[in-house]
Structures are given as structure tokens and as C-alpha cells.
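Here's the structure we're looking at; comments come further down.
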Amino acid sequence: MLRNICRTPGQRLTLTAAASARWVHLSSNRAATAACGTDGKSAATDKQQPLRPRANALTDEIIRVDHAGELGADRIYAGQMAILGNGPMGKTIEHMWEQEKDHRKRFENLIQQHRVRPTIMTPIWNVAGFMLGAGTALMGEKAAMACTVAVETVIVEHYNDQLRQIMESPNPDKELLETITKFRDEEQEHHDTGIECGAEQAPFYKAMTEVIKIGCKTAIAISKKI
Ligand SMILES: [Fe+2]
Ligand SMILES: [Fe+2]
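In this text, residue positions in the sequence shown follow our numbering: the first is 11, and each later residue adds one.
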């Protein structure tokens, strides 16, 4: 079924011709990366839709954890904006934040439509996300970008794992595939923007990104289950 599955953030999932003809072309064109100083807002991605049948176990887990992750991402960028919003990186961070708001809104709609229980950790991720964003921003613009690179690296891998799971399931949810593919590509852009804006020059880059990655992976594991 799967011809080529890429695990690194810089790569793409591709499907067999048969699979891609059936539902979706996953190699979406990557929009021009939001380079340092780029302005712009992403279009709203969703509107309210009617209730659907209750989600199966896989869909339930995916929607719960992705809702938590996008909430956390929204708060991370909110924290960065609170500290760096009026500086030279303000427009770049704002552009990424706008996309994260769309991601969060989309999963808030999905959680309602499929009647999925949100993680009980929501209030914790809300505060922890803002503190992570603001805390790294207080260390400087490059540290903020290092935080972005670490978080987005984990999220791109996480979304790629989910795309594999969905494609291998008996009844792949086409809409969820398309949503996660689009968001995965935008998270990859955020990662690349972080690198372009000097993340690797942040003090203690290696140590800081490793700690943040472990934190993100732990949050994902918890949010899947509770
Ligand atoms: Fe996101
Ligand atoms: Fe992102």
C-alpha cells in the first residue's frame, strides 16, 4: 500500500498511484516558507459542520491528541508574541501563530463533530505552552526559534506516524488524512522558518532542543490516553 514513507521532517509521505487516485494527493505543494520578516495570514480552514458518527478508537485517539497539540502550539506562539511581538521577529511569529490558530480551530470542530473527549490535561498544556513560548523568547529570538524547531520536529514526526496509521486502517478517514497532511506541511514550514531565522545559533541549542523534544513526546503520550 505504501510506497515510500519518510520519517525525517524534511521529507514527505507518498502513496501508491492507486491509493492517491482514490482519495488524496499527499504531496501537497509546499507554500513559500514564511521567511524571516514575512507577513501574511492563512485562510480560515474550517466552519461548523454537523455531528458525525462517534469516532472509532484510532480516530478518537488522533483527534484528542492533535487537539491537545494544536492547543499547546497556539499557546507557545502566544507566549512568543507576548515577548517578541513588537520586535523584528514579530511578523514572522505572528504568521505562524495565525496558522496554529487555524489548526486549533479545526480540531476543536472535529472534537465536537465526533464527540471525542478532550484530554484532561488541557488546562496544564494551556499554561505550559505559554510558559514554554514566553520562557524561550525571554532568552532571545534565536532561543525562541530553537523552541520552534524542537516542537515542530516532534509534531511533523507525530503527524507522519498518524498518516501511516490512518492509511493502514480498514476504513481510512479521507478528511482526516487531508487535514493532517496540510497541517504537517505547515508545521514543516514553521520548522524551516526556525532554522532560517538562526535557531541553531541559540545558546545551548542541542541541549535545549533535546529537552523540549522529550517534553513534547511526553505530552503526546499522555494526551493520547487521558
Ligand atoms: Fe499546528
Ligand atoms: Fe506549527
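Each residue gets a CB set at the ideal place from its N, CA and C atoms; glycine is no exception.
What's the call for residue i, buried or exposed, on a 16-neighbour Cβ count within 10 Å?
| i | result |
| --- | --- |
| Asn-170 | buried |
| Ala-41 | Bear in mind that the predicted position of Ala-41 carries a pLDDT of just 38, short of 50, making it too unreliable to give a figure here. |
| Glu-220 | exposed |
| Ser-37 | Only weak support exists for where Ser-37 lies, its pLDDT of 39 falling under 50; the coordinates are left without a value. |
| Ala-217 | exposed |
| Gln-211 | exposed |
| Arg-85 | buried |
Check whether the Cβ of residue i sits closer than 7 Å to any heavy atom of ligand 1, and report yes or no.
| i | result |
| --- | --- |
| Phe-140 | no |
| Glu-151 | no |
| His-83 | The question names His, yet the displayed sequence has Ala at residue 83. Answer for Ala-83: yes, Cβ within range of ligand 1. |
| His-168 | no |
Answer yes or no: the CB of residue i versus the heavy atoms of ligand 2, is any distance below 7 Å?
| i | result |
| --- | --- |
| Met-9 | Lying before the first or after the last residue shown, residue 9 is absent from the chain, which here runs from 11 to 236. |
| Ile-190 | no |
| Ile-121 | no |
Return the first residue and the last residue of the alpha helix (DSSP H) that residue i is part of.
| i | result |
| --- | --- |
| Gln-211 | Gln-211 -> no alpha helix (DSSP H), and no H or E assigned at all. |
| Asp-112 | 100-123 |
| Gly-150 | Taken as a continuous stretch (DSSP letters only), Gly-150 belongs to no alpha helix (DSSP H), as it is neither H nor E. |
Of all the options the options, which has the alpha carbon lying nearest to the alpha carbon of residue i?
| i | options | result |
| --- | --- | --- |
| Leu-314 | Pro-133, Arg-174 and Lys-216 | Nothing about residue 314 can be reported from this structure: the residues present for the chain run from 11 to 236 only. |
| Glu-162 | Glu-118, Leu-120, Asn-119 and Arg-194 | Arg-194 |
| Ile-232 | Pro-128, Phe-214 and Leu-187 | Pro-128 |
Between the segment 142-161 and the segment 189-207, do three or more beta carbon pairs fall short of 8 Å?
-> These segments touch.
Assess, as a yes-or-no matter, whether the segment 74-91 is touched by the segment 214-233 under the definition of 3 or more beta carbon pairs within less than 8 Å.
-> In short, these stretches touch, since the Cβ pair count reaches three.
Please confirm if the segment 138-152 is in contact with the segment 88-98, defined as three or more CB-CB distances below 8 Å between the two stretches.
-> yes
Counting pairs of beta carbons, one from the segment 126-145 and one from the segment 189-201, are three or more of them closer than 8 Å?
-> no
Per the contact definition of three or more C-beta pairs closer than 8 Å, is the segment 167-183 in contact with the segment 109-128?
-> Verdict: no, contact absent.
Report yes or no: do three or more beta-carbon pairs, one from the segment 66-76 and one from the segment 179-194, lie closer than 8 Å?
-> yes
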